[in-house]
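Chains as they are written, first to last, in the working numbering: chain Z, 1 to 269; chain H, 1001 to 1194. All residues carry an ideal CB built from backbone N, CA and C; glycine is no exception. Note sheet for the following structure.
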Ligand SMILES: C[S@@+](CC[C@H](N)C(=O)[O-])C[C@H]1O[C@@H](n2cnc3c(N)ncnc32)[C@H](O)[C@@H]1O
């Protein structure tokens, strides 16, 4: 592993040279990711690695994508999606218009999962899914709605476990080792870069999903981001976090009520 | 004597295991003193769907509180922490956990190597790493990192493991401080910080 002080040097460079502020990210994760990237890309020394990050904006793009962890899945935690399907989506149905925000959407698997739920509830036509991420590269992939073929069997099982009754494979067409999801799902999505550290609230939402993003932040940054969500939340809107993340330590907690056992809270205050 | 005991006070014992390890823990936990002055972390490979009952299963075997870790939980002495399914478990220097949903390592998430390496970085000479039964090579690199950072490393005696491959692999690749059966592991843990 690289040294703690080397992590701080890199973080300072990112701020000075590119304006990216990672200073409130989990150190344990950053250190591991940076060490891993240096090994993967075979840098002979930390000095050379640092020089490359400073001087090569193309490499910076790779650096940011690798250290922020863009791994994702469709219908991850099927019981979570089941709660969305049975408890959240039906209450949204009464609204004339439904606004959803996926913060930290990575390559879009979560957004397509949500679009499928809304479609099956007959609500997709009056919904808009705003999907944002720090990394322009993953958003570009998400926009195309093209995903690898290999995990489709798992996703299909997840889908069924989440209460899905349709034939999952009818939502996509397979081409070689990739699948392309139905265009009608993608029509209601708006992809845009948004940095949770430095960008402001941009709309009001009925449902905000931010799953497995807060785990990479320290508690101070988690609190700031939760406040950003609170500012962006409409009356009686829902906030959904990852299965090991919580609102419980936040000052906004008293304005929210948790639904059953899933990490979904409703704004009541 | 070679340095195979901790010379600094112990902050944590990290136990990693795979196939055949739950049985070991069911024997080990009841044999431990209830007033351990350090934290006990358990990382097990398991199938990812709905196995949060594992924490319940283990908690029946000890009076110590057993908690399946949530993100940013503080790490307190006298507590047993279980890595949640499908996340890597990381340790921050100011005594709390972070979870990580990144690529599998050694086909595993949680990976034993990831937690051992992170623990070695956070605790170094103030920790013990223990590798139990398993059919996978995960854990060996991690134990080596613990050793390098000054911690003590222990492998379950392969003859006593349901799956000998994992401890065997560690013994072959790293100078292990102790190769113990379950009773000896319990005795060792009970003697820490005393
Ligand atoms: C592990 S993925 C989670 C994807 C998806 N929500 C899920 O749960 O499967 C984390 C995502 O958070 C994004 N991210 C990290 N820091 C961010 C920030 N400051 N602002 C916006 N997105 C960020 C990363 O780019 C990455 O795509």
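Residue i Cβ short of 8 Å to ligand 1 heavy atom set
i	result
residue 227(Z)	no
residue 1080(H)	no
residue 110(Z)	yes
residue 340(Z)	This structure gives no information on residue 340(Z), because the portion of chain Z shown stretches from 1 to 269.
residue 262(Z)	no
residue 63(Z)	no
residue 238(Z)	no
residue 115(Z)	no
residue 1101(H)	yes
residue 1109(H)	no
residue 81(Z)	no
residue 102(Z)	yes
residue 1071(H)	no
residue 132(Z)	yes
residue 14(Z)	no
residue 71(Z)	yes
residue 68(Z)	yes
residue 242(Z)	yes
residue 28(Z)	no
residue 1010(H)	no
residue 123(Z)	no
residue 1058(H)	no
residue 196(Z)	yes
residue 213(Z)	yes
residue 209(Z)	yes
residue 135(Z)	yes
residue 270(Z)	Lying before the first or after the last residue shown, residue 270(Z) is absent from chain Z, which here runs from 1 to 269.
residue 106(Z)	yes
residue 216(Z)	yes
residue 76(Z)	yes
Cβ separation of residue i and residue j, assumed to be a contact under 8 Å, to the nearest whole Å
i	j	result
residue 216(Z)	residue 70(Z)	Not a contact, Cβ separation roughly 11 Å.
residue 1069(H)	residue 1097(H)	5 Å
residue 270(Z)	residue 259(Z)	Residue 270(Z) is absent from the model: chain Z starts at 1 and stops at 269.
residue 1040(H)	residue 1080(H)	5 Å
residue 73(Z)	residue 109(Z)	6 Å
residue 1034(H)	residue 1064(H)	6 Å
residue 1176(H)	residue 1192(H)	Wrong, their Cβ atoms sit about 17 Å apart, outside the cutoff.
residue 187(Z)	residue 137(Z)	About 23 Å; that fails the 8 Å criterion.
residue 201(Z)	residue 232(Z)	4 Å
residue 1023(H)	residue 1162(H)	7 Å
residue 263(Z)	residue 234(Z)	Not really, about 19 Å apart at Cβ, beyond 8 Å.
residue 2(Z)	residue 35(Z)	5 Å
residue 95(Z)	residue 230(Z)	The pair is not a contact, with the Cβ atoms about 19 Å apart (cut-off 8 Å).
residue 85(Z)	residue 163(Z)	5 Å
residue 1084(H)	residue 1099(H)	7 Å
Worksheet item: Which residues, in chain order, does the segment 237-260 of chain Z contribute to contact with chain H at a C-beta distance below 7 Å?
Response: 244, 245, 246
Practice prompt. Note down, in chain order, all residues in the segment 1073-1101 of chain H with a beta-carbon under 8 Å from any beta-carbon belonging to chain Z.
Written response: 1084, 1087, 1090, 1091, 1092, 1093, 1098, 1099, 1100, 1101
Practice prompt. Using a Cβ-Cβ cut-off of less than 7 Å, give me the residues of the segment 1130-1162 of chain H that come near chain Z, in sequence order.
Written response: none
Discussion item. Along the segment 6-33 of chain Z, where does the CB come closer than 8 Å to a CB of chain H? Name the residues.
Written reply: 26, 27, 28, 29, 31, 32, 33
Worksheet item: Mind listing which residues of the segment 1112-1127 of chain H have their C-beta closer than 9 Å to chain Z's C-betas, in chain order?
Response: 1114, 1117, 1118, 1120, 1121, 1122
Worksheet item: For the segment 1003-1032 of chain H, which residues have a CB atom closer than 7 Å to at least one CB atom of chain Z, in sequence order?
Response: none
Worksheet item: Of all the alpha helix (DSSP H) runs that stay within the bounds of the segment 48-132 of chain Z, which reach a length of 4 or more residues?
Response: 57-67, 78-83, 89-92, 109-120
Worksheet item: Whole alpha helix (DSSP H) runs in the segment 128-190 of chain Z with 4 or more residues, listed along the chain?
Response: 136-144, 152-161, 183-186
Worksheet item: Along the segment 116-133 of chain Z, what residues have a CB closer than 7 Å to any CB found in chain H?
Response: none
Item to complete: Please name the residues in the segment 185-210 of chain Z whose beta-carbon is closer than 8 Å to at least one beta-carbon of chain H, in chain order.
Response: none
Fill in: Near-chain H residues of the segment 146-162 of chain Z (beta-carbon distance less than 7 Å), N- to C-terminal order
none
Worksheet item: Could you give the uninterrupted runs of the beta strand (DSSP E) lying entirely in the segment 214-259 of chain Z, keeping only those of 3 residues or more?
Response: 233-241, 256-258
Practice prompt. Check distances from the C-beta atoms of the segment 64-92 of chain Z to those of chain H and list, in chain order, the residues that come in under 7 Å.
Written response: 69, 71
Item to complete: Within the segment 1061-1147 of chain H, note down every full beta strand (DSSP E) run reaching 3 residues or more, in order along the chain.
Response: 1066-1068, 1080-1082, 1088-1092, 1096-1100, 1127-1131
Practice prompt. Report the residues of the segment 218-229 of chain Z with a CB closer than 9 Å to any CB of chain H, ordered along the chain.
Written response: 218, 219, 222
Worksheet item: Considering only residues of the segment 1145-1173 of chain H, which uninterrupted beta strand (DSSP E) runs meet the minimum length of 3 residues and lie entirely inside it, listed in chain order?
Response: 1152-1156
Worksheet item: Given a limit of 7 Å on CB to CB distance, which residues of the segment 38-49 of chain Z reach chain H?
Response: none
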